[in-house]
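Undergrad: Have a look at this one before I ask anything.
There are 2 protein chains.
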Amino acid sequence: MARLPLYLRALTALSERSVPTVSSEELAAAAGVNSAKLRKDFSYLGSYGTRGVGYDVEYLVYQISRELGLTQDWPVVIVGIGNLGHALANYGGFASRGFRVAALLDADPAVVGSTAAGLPVRHMDELEDIVTAQQVSIGVITTPPGAAQQVCDRLVEAGVTSILNFAPTVLTVPDGVDVRKVDLSIELQILAFHEQRKAGDEPGAGDSVLDRAPGPVRAAAAKLRRAAGGTAKAEQAKGKTAQGTEGDLSAVMPA
Amino acid sequence: MARLPLYLRALTALSERSVPTVSSEELAAAAGVNSAKLRKDFSYLGSYGTRGVGYDVEYLVYQISRELGLTQDWPVVIVGIGNLGHALANYGGFASRGFRVAALLDADPAVVGSTAAGLPVRHMDELEDIVTAQQVSIGVITTPPGAAQQVCDRLVEAGVTSILNFAPTVLTVPDGVDVRKVDLSIELQILAFHEQRKAGDEPGAGDSVLDRAPGPVRAAAAKLRRAAGGTAKAEQAKGKTAQGTEGDLSAVMPA
DNA sequence: CCATCTTTGTGCACACGTTCACAAACACAT
DNA sequence: ATGTGTTTGTGAACGTGTGCACAAAGATGG
Chain D
213 MARLPLYLRA LTALSERSVP TVSSEELAAA AGVNSAKLRK DFSYLGSYGT
263 RGVGYDVEYL VYQISRELGL TQDWPVVIVG IGNLGHALAN YGGFASRGFR
313 VAALLDADPA VVGSTAAGLP VRHMDELEDI VTAQQVSIGV ITTPPGAAQQ
363 VCDRLVEAGV TSILNFAPTV LTVPDGVDVR KVDLSIELQI LAFHEQRKAG
413 DEPGAGDSVL DRAPGPVRAA AAKLRRAAGG TAKAEQAKGK TAQGTEGDLS
463 AVMPA
Chain H
213 MARLPLYLRA LTALSERSVP TVSSEELAAA AGVNSAKLRK DFSYLGSYGT
263 RGVGYDVEYL VYQISRELGL TQDWPVVIVG IGNLGHALAN YGGFASRGFR
313 VAALLDADPA VVGSTAAGLP VRHMDELEDI VTAQQVSIGV ITTPPGAAQQ
363 VCDRLVEAGV TSILNFAPTV LTVPDGVDVR KVDLSIELQI LAFHEQRKAG
413 DEPGAGDSVL DRAPGPVRAA AAKLRRAAGG TAKAEQAKGK TAQGTEGDLS
463 AVMPA
């Protein structure tokens with residue numbers, strides 16, 4: 213489950229405060245989830261709790277770490293040492309959880325040779341050698357979108373089977389390779405979406421009454437858009453609107 | 213829906229190539245989703261397609277942009293100008309989608325006054341003024357985890373109602389405030405989890421036979437862990453194991 | 001040793017998202 | 001106009017995840 217890291221974080225915090233045991237209710241609150249959900253998650257890993265008492269913090273930390281595969285260390289290559297690559301190389305949360313930065317790679321000669329987080333930035337050409345020599349199975353892509361697929365292919369070809377992609381592109385990979393995507397602008401867009409909803413759903417500047425009209429009217433509007441030749445020209449659509457519904461499309465496509 | 217930004221990206225790519233219309237099948241492939249899912253998503257926004265032809269790319273771009281609230285621009289404050297804050301300030305994906313960085317804030321006097329992405333880093337004390345003056349409703353937190361909740365409270369108090377949190381902490385906010393979390397180390401942990409599964413599920417170094425034993429044996433093991441006094445001491449547990457099951461807990465808690 | 005209280009583990013129902021499959025709708029050729 | 005081919009929009013089945021609620025299990029106190 214994707215919630216295990218959350219539990220692990222809450223548990224390590226408790227562990228540092230030397231809390232011996234914790235109830236599902238407390239831990240659920242700390243992790244921000246439902247207590248029943250948490251218990252079900254743990255029962256899926258096996259019954260590690262004691263009724264009437266709760267869960268042994270230290271023991272649970274270890275069990276989850278083992279389940280997540282954090283008892284071994286994972287070499288990771290970061291490809292694309294721009295702003296984000298730099299940030300990730302310096303990110304403390306990696307080393308503390310069993311992830312080791314095996315190498316930083318970049319294609320730009322101006323960047324190659326510099327150091328980030330105490331590690332030298334090496335050239336893309338060394339990718340295959342590094343992956344093979346250090347048995348790297350996880351790659352992080354922080355390149356511009358145009359280079360992402362190409363980098364991805366090389367990583368996979370070299371033997372990487374898990375990829376964390378920060379580039380705003382849909383990567384295609386063969387079966388058996390996992391890809392997780394982190395898209396910063398998508399997160400903001402989702403927030404903007406909810407923000408707009410909160411703002412009272414007032415019709416925006418470009419809103420059209422057609423959009424809320426029943427089926428036939430919308431269909432007519434669609435037809436008109438096509439009639440206007442692919443890229444709908446508002447002037448042509450206006451006035452032709454079926455059934456005389458007031459349909460102003462003039463703001464539909466901003467210039 | 214959280215998939216709208218995905219569609220939007222694929223559609224803008226098509227738009228730049230001047231593709232007039234696109235079928236649900238093609239677009240679904242480009243966005244990496246199921247075509248039926250995509251059609252259902254679009255039908256939820258209204259019927260913007262034409263049977264036998266597909267969807268008008270330009271029109272759909274606008275409709276989704278409007279739905280996501282990207283037709284207006286959203287001022288955003290970034291709090292915590294460390295490595296990640298720097299990277300975000302320079303991230304090009306924001307400006308191009310209607311997000312405007314209203315201010316960069318930090319508490320460290322050594323950082324305040326420097327510039328990032330052409331913007332001056334200002335002191336946290338100005339937070340309330342900036343949020344109020346520019347009507348900022350979205351805040352991005354890239355502080356260390358210890359400061360995150362405090363910063364969050366100040367943002368909310370000042371009027372921010374959407375927060376994008378990069379700090380590894382569970383933020384508690386009043387109703388009406390949205391929080392989205394991006395946790396870099398969690399993403400890697402999830403990859404490591406799958407990676408371990410792929411590696412054949414061989415028992416790890418610290419694996420215990422007790423973990424796969426049926427109920428009664430696990431219960432006994434749990435009892436022993438408690439008997440050992442909170443933090444299970446393997447030596448005490450060993451030998452006491454009920455029913456004589458071979459139970460080596462010596463590797464359960466690494467020193 | 002028994003009663004009571006706490007907390008886990010889980011059966012069950014429900015809600016949600018996903019996918020299939022197909023009819024209605026439209027374009028286009030004849 | 002009529003037929004054929006294509007694509008949307010959606011009803012319905014399916015699977016999955018979620019949360020309630022409760023019994024079983026253990027702790028605790030008398």
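Chains as they are written, first to last, in our numbering: chain D, 213 to 467; chain H, 213 to 467.
For glycine and all other residues, C-beta sits at the position ideal for the given N, C-alpha and C.
Note that this is a predicted model, so its numbers are computed, not measured.
In chain order, what residues of the region 242 to 259 of chain D put their CB closer than 8 Å to some CB of chain H?
TA: Flagged, chain order: A242, A243, G244, G258, S259.
Undergrad: Which residues in the same chain have their Cβ closer than 8 Å to the Cβ of A328/H, if we skip the five residues on either side of it in sequence?
TA: Answer for A328/H: I293, G297, H298, A301, N302, L316, listed in chain order.
Undergrad: Going by CA-CA distance only, name the one from L280/D, Q362/D, D337/D that's closest to M213/D.
TA: Closest option to M213/D, Cα to Cα, is L280/D.
Undergrad: Give the interface partners of R221/D over in chain H, defined as CB-CB distance under 9 Å, in chain order.
TA: Within 9 Å Cβ-Cβ: P380, T381, V382, D395, S397, I398.
Undergrad: So, is R263/D buried or exposed, given that buried needs 16 or more other C-beta atoms within 10 angstroms?
TA: Classification of R263/D: exposed, given that the 10 Å Cβ count is below 16.
Undergrad: Counting only beta-carbon atoms, is D390/D nearer than 7 Å to chain H?
TA: Yes, D390/D lies at the interface with chain H (some Cβ there is under 7 Å from its Cβ).
Undergrad: Confirm, please, whether the CB-CB distance from T381/D to P356/D is below 7 Å.
TA: No, the pair does not count as a contact, with Cβ atoms beyond the cut-off.
Undergrad: If I follow the unbroken beta strand (DSSP E) through L316/H, where does it start and stop?
TA: It spans 311 to 318 - the beta strand (DSSP E) in which L316/H sits, taken as one unbroken run.
Undergrad: S374/D touches chain H at which residues, Cβ-Cβ below 7 Å?
TA: Within chain H, the residues near S374/D are L403, H406, E407.
Undergrad: Report the neighbours of H298/H on chain D: residues whose CB is nearer than 9 Å to its CB, in chain order.
TA: Those within 9 Å of H298/H in chain D are N295, H298, A299.
Undergrad: Taking Cβ positions only, does N302/H come closer than 7 Å to chain D?
TA: Closer than 7 Å: yes.
Undergrad: By how many angstroms is the C-alpha of F311/D removed from the C-alpha of L339/D?
TA: One C-alpha to the other measures close to 18 Å.
Undergrad: In chain order, what residues of the same chain have a beta carbon less than 6 Å from the beta carbon of V389/H, not counting five sequence neighbours either side?
TA: V368, T373.
Undergrad: Rounded to whole angstroms, what is the Cα-Cα separation between Q362/D and V385/D?
TA: The alpha-carbon atoms of Q362/D and V385/D are separated by roughly 11 Å.
Undergrad: Mind checking whether A240/D and L250/D have CB atoms under 7 Å apart?
TA: Yes; because the gap between Cβ atoms is below 7 Å, this pair is in contact.
Undergrad: For S349/D, which residues in chain H fall below 7 Å Cβ to Cβ?
TA: Here the neighbours are E407.
Undergrad: CB-CB under 6 Å to G261/D, same chain, minus the five flanking residues each way: which ones, in chain order?
TA: So the list reads Y267, once near-sequence residues are dropped.
Undergrad: Going by beta-carbon coordinates alone, are G371/H and V352/H separated by less than 7 Å?
TA: Taking 7 Å as the Cβ cut-off, G371/H and V352/H do not qualify as a contacting pair.
Undergrad: What are the residues in the region 301 to 332 of chain H lying within 7 Å of chain D by C-beta distance?
TA: Here the close residues are N302, Y303, G305, F306, R309, F311.
Undergrad: Taking 7 Å as the threshold (beta carbon to beta carbon), is G264/H in contact with chain D?
TA: By this cut-off, G264/H is not an interface position.
Undergrad: I believe I402/D touches P217/H by the beta-carbon criterion, under 8 Å. Please report the beta-carbon distance rounded to the nearest angstrom.
TA: Sure, about 7 Å apart at Cβ, within 8 Å.
Undergrad: Just the Cα atoms here: how many angstroms apart are A243/H and R229/H?
TA: Going by the C-alpha atoms only, they are around 16 Å apart.
Undergrad: Between L400/H, Y271/H, F378/H, which has its C-alpha nearest N295/H's C-alpha?
TA: Closest by alpha carbon: F378/H.
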